[in-house]
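Heads up: the protein sequence lines correspond to chains W and Y, in order. Quick note: the first sequence uses the working numbering, first residue 1, plus one each step. Quick note: the second sequence uses the working numbering, first residue 1, plus one each step. Each residue gets a CB set at the ideal place from its N, CA and C atoms; glycine is no exception.
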Amino acid sequence: MNKELNLFFKIFKETIKDCSKFCFMCRDKQYQKNTIKKLSDFLNNDLKPMKKNMIDRKDENAANYLLSLESFIDSMINELKMLIALKEGYPDKAWSYLISSQNSIRTAAQAHPISAKLNIEDYVRKLKFLEKMLFPPQLFVSVGFIEKEVECSICGKNYAECNHIVGRPYLGKLCCRIIKKWELQEVSIVEDPANKLARATEFTDNEGIQRNCLSWKRIKENPKNKL
Amino acid sequence: MVNIKDYINVRKKTKELECQNPSSLALLPTNFDKAKTKNELRYESTAQTIRKLWRNNNIIETPIETSGENFVSINKKSFEWVSPVIFFSAAWLSQNPHLINIALNVISNYLTDWFRGLPKNEKIAKLDIVIEKKNGEYKKIQYKGPPEGLNSLPKIIKETLNE
Numbered sequence: 001m002n003k004e005l006n007l008f009f010k011i012f013k014e015t016i017k018d019c020s021k022f023c024f025m026c027r028d029k030q031y032q033k034n035t036i037k038k039l040s041d042f043l044n045n046d047l048k049p050m051k052k053n054m055i056d057r058k059d060e061n062a063a064n065y066l067l068s069l070e071s072f073i074d075s076m077i078n079e080l081k082m083l084i085a086l087k088e089g090y091p092d093k094a095w096s097y098l099i100s101s102q103n104s105i106r107t108a109a110q111a112h113p114i115s116a117k118l119n120i121e122d123y124v125r126k127l128k129f130l131e132k133m134l135f136p137p138q139l140f141v142s143v144g145f146i147e148k149e150v151e152c153s154i155c156g157k158n159y160a161e162c163n164h165i166v167g168r169p170y171l172g173k174l175c176c177r178i179i180k181k182w183e184l185q186e187v188s189i190v191e192d193p194a195n196k197l198a199r200a201t202e203f204t205d206n207e208g209i210q211r212n213c214l215s216w217k218r219i220k221e222n223p224k225n226k227l
Numbered sequence: 001m002v003n004i005k006d007y008i009n010v011r012k013k014t015k016e017l018e019c020q021n022p023s024s025l026a027l028l029p030t031n032f033d034k035a036k037t038k039n040e041l042r043y044e045s046t047a048q049t050i051r052k053l054w055r056n057n058n059i060i061e062t063p064i065e066t067s068g069e070n071f072v073s074i075n076k077k078s079f080e081w082v083s084p085v086i087f088f089s090a091a092w093l094s095q096n097p098h099l100i101n102i103a104l105n106v107i108s109n110y111l112t113d114w115f116r117g118l119p120k121n122e123k124i125a126k127l128d129i130v131i132e133k134k135n136g137e138y139k140k141i142q143y144k145g146p147p148e149g150l151n152s153l154p155k156i157i158k159e160t161l162n163e
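Following this line, the structure appears as structure tokens:
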């Protein structure tokens with residue numbers, strides 16, 4: 001690993017250490033908002049330009065290394081946003097932030113082996129713990145469909161024809177399969193879905209009152225809960 | 001968790017469906033045993049990825065579809081990683097026993113990376129393998145569990161062949 005990246009990693013770790021002390025429910029939300037600002041500034045002013053530089057240099061290893069760090073910060077920002085959203089009475093938004101945080105930490109882990117030095121396994125466990133502690137069990141919707149046209153996110157070609165592999169990093173981007181055309185086959189209610197953002201948000205109780213699945217509040221009384 | 005059961009005659013079925021004969025290693029559509037016509041055949045959405053992994057590791061497949069023919073894939077959006085059915089012919093198994101490990105290791109290594117960043121209990125792979133025995137019997141070995149467990153499959157395949 002080059003000197004430039006080693007030095008950058010030291011600054012990154014100091015920034016993370018400094019900011020992680022605000023990733024707790026009891027911290028004042030203003031400090032948490034300031035922390036989001038600090039992380040976002042670091043992301044936009046330092047990390048992203050450096051990653052772009054590595055991409056321009058076609059330094060694949062460095063670009064993937066920085067993708068891992070970028071995703072880690074993104075995960076932290078979303079975790080903080082989740083805590084703030086809960087304090088402000090927006091549980092649906094909080095849920096979305098939590099899932100974004102989990103997705104980002106997965107990208108950080110998949111992007112580069114540097115993630116092993118970031119205690120990502122502990123972070124994954126923490127986010128799972130928060131999911132179970134802060135939110136009730138939910139009903140999710142799972143969609144089954146026939147894939148008619150699938151594109152590679154890296155080269156834009158038909159996924160079957162290129163050599164890129166889904167879930168692997170290529171010059172600072174993780175390969176995804178983009179489903180361009182599809183045909184719906186089934187919709188089912190499941191407890192363990194692939195996509196935790198596809199979920200029931202409202203229900204009608206035994207007395208005919210429509211309630212929010214997370215806050216339990218009547219829908220009409222609390223319109224801000226709706227995303 | 002591994003479950004072993006009898007499977008239909010693959011060669012007879014490929015003939016009925018007017019598909020190519022899988023002479024070595026091949027992927028089979030998920031509904032291969034139940035489909036009545038070729039048009040009904042559906043691969044798991046992971047099939048293309050496995051084909052690429054094998055191709056990149058010089059593992060040659062003899063697909064049941066003809067050149068230029070494409071069977072559609074089905075995506076069930078499950079949190080588990082579900083593989084297409086992997087078929088090993090009797091001739092391939094006797095001539096290339098070492099390749100069983102390589103073909104499965106490529107998948108196992110990929111899955112170790114794929115599952116990074118997920119909680120332990122969400123790292124679940126489902127893999128079905130169909131083997132052709134020399135006596136013309138077909139067995140389906142179903143695996144469900146963590147990716148590390150795939151390493152046990154070559155031994156299970158050999159034991160099933162010798163039963």
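- Message: Restricting to runs no shorter than 4 residues, where is the alpha helix (DSSP H) found entirely within the segment 43 to 128 of chain W?
- Response: 48 to 56, 60 to 87 and 91 to 111
- Message: Once DSSP output is grouped into helix, strand and coil, what is the label at N206(W)?
- Response: It is coil, neither helix nor strand.
- Query: Smallest Cα separation from R51(Y): which of K36(Y), L28(Y) and F32(Y)?
  - Reply: Checked all of K36(Y), L28(Y) and F32(Y); the closest Cα to R51(Y) is L28(Y).
- Have a look at E18(Y) and N39(Y) and give me their C-alpha separation to the nearest angstrom. 11 Å
- Message: If you measure between the beta carbons of R42(Y) and S78(Y), is that distance less than 9 Å?
- Response: No, Cβ-Cβ distance for R42(Y) and S78(Y) is not below 9 Å.
- Cross-chain neighbours of Y159(W) in chain Y, by beta carbon under 8 Å: Q48
- Item | Reference T30(Y); option with closest CA among I4(Y), I86(Y) and Q20(Y) | Restricting attention to I4(Y), I86(Y) and Q20(Y), the CA atom closest to the CA of T30(Y) is found in I86(Y).
- Query: For F79(Y), which residues in chain C fall below 8 Å Cβ to Cβ?
  - Reply: The structure shown contains no chain C; its protein chains are W and Y.
- Message: Quick check on DSSP: helix, strand or coil for D183(Y)?
- Response: The structure shown does not extend to residue 183(Y), since chain Y spans only 1 to 163, so no value can be given for it.
- Task: Rounded to whole angstroms, what's the CA-CA distance from K10(W) to L171(W)? Just pull it up for me.
- Result: Counting only the Cα atoms, L171(W) lies some 22 Å from K10(W).
- Mind pulling the chain W residues with CB within less than 9 Å of I74(Y)? G144, F145, I146, E147 and Q185
- Message: Against chain Y, does T107(W) count as a neighbour if the rule is that its beta carbon must be under 9 Å from one of theirs?
- Response: yes
- Message: On the CB-based measure, 16 or more other CB atoms within 10 Å of its CB, does N78(W) come out buried or exposed?
- Response: buried
- Item | Inside the segment 70 to 136 of chain Y only - alpha helix (DSSP H) runs reaching at least 4 residues | 90 to 95 and 97 to 114
- Ordered along the chain, which non-local residues of its own chain (more than five positions away) have a Cβ less than 6 Å from that of E149(W)? K180 and K181
- Message: In the DSSP output, what is C134(W) paired with across the bridge?
- Response: With the sequence shown as reference, residue 134(W) is identified as Leu, and Cys is not the correct amino acid for it. DSSP, once it has assigned bridges, lists no residue as partnering L134(W).
- Task: Note down, in chain order, every chain Y residue with its Cβ under 8 Å from the Cβ of Q110(W).
- Result: D113, W114, R116 and G117
- Query: Quick one: Cα of P3(Y) to Cα of I141(Y), how far?
  - Reply: Per the sequence shown, the amino acid found at residue 3(Y) is Asn instead of Pro. Taking the straight line joining both Cα atoms gives about 6 Å.
- Delimiting residues of the beta strand (DSSP E) encompassing L184(W): R177 to V190
- Within the same chain, show all residues whose beta-carbon is closer than 7 Å to that of S89(Y), passing over the 5 residues directly before and after it, in chain order. Result list for S89(Y): P22, S23, S24 and E132, in chain order.
- Query: For a contact meaning CB atoms closer than 7 Å, what does L53(Y) contact in chain W?
  - Reply: I165
- Going by DSSP, name the residue or residues bridged to Y138(Y). E132(Y)
- Message: Among the candidates N2(W), K13(W) and K3(W), whose CA atom is the shortest distance from the CA of N119(W)?
- Response: K13(W)
- G117(Y) burial status per 10 Å Cβ neighbour count (16 or more: buried): buried
- Find the nearest neighbour of N64(W) within the set K48(W), K93(W) and R218(W), judged by alpha-carbon distance. Selected option, being the one with the closest Cα: K48(W).
- Query: Is it buried or exposed for S67(Y), if we count other Cβ within 10 angstroms and need 16 for buried?
  - Reply: exposed
- Message: So, with DSSP's three-state summary, where would you put N195(W)?
- Response: N195(W): coil per DSSP, three-state reduction.
- At a Cβ cut of 8 Å, what residues of the segment 115 to 142 of chain W count as close to chain Y, listed as they run along the chain? Taken in chain order, the members of the segment 115 to 142 of chain W whose beta-carbon sits within less than 8 Å of a beta-carbon on chain Y are S115, I120, V124, R125, K128 and S142.
- Query: For I189(W) versus L139(W), is the C-beta distance shorter than 9 Å?
  - Reply: yes
- Provide the residue span of the beta strand (DSSP E) that contains L28(Y), from first to last. L25 to L28
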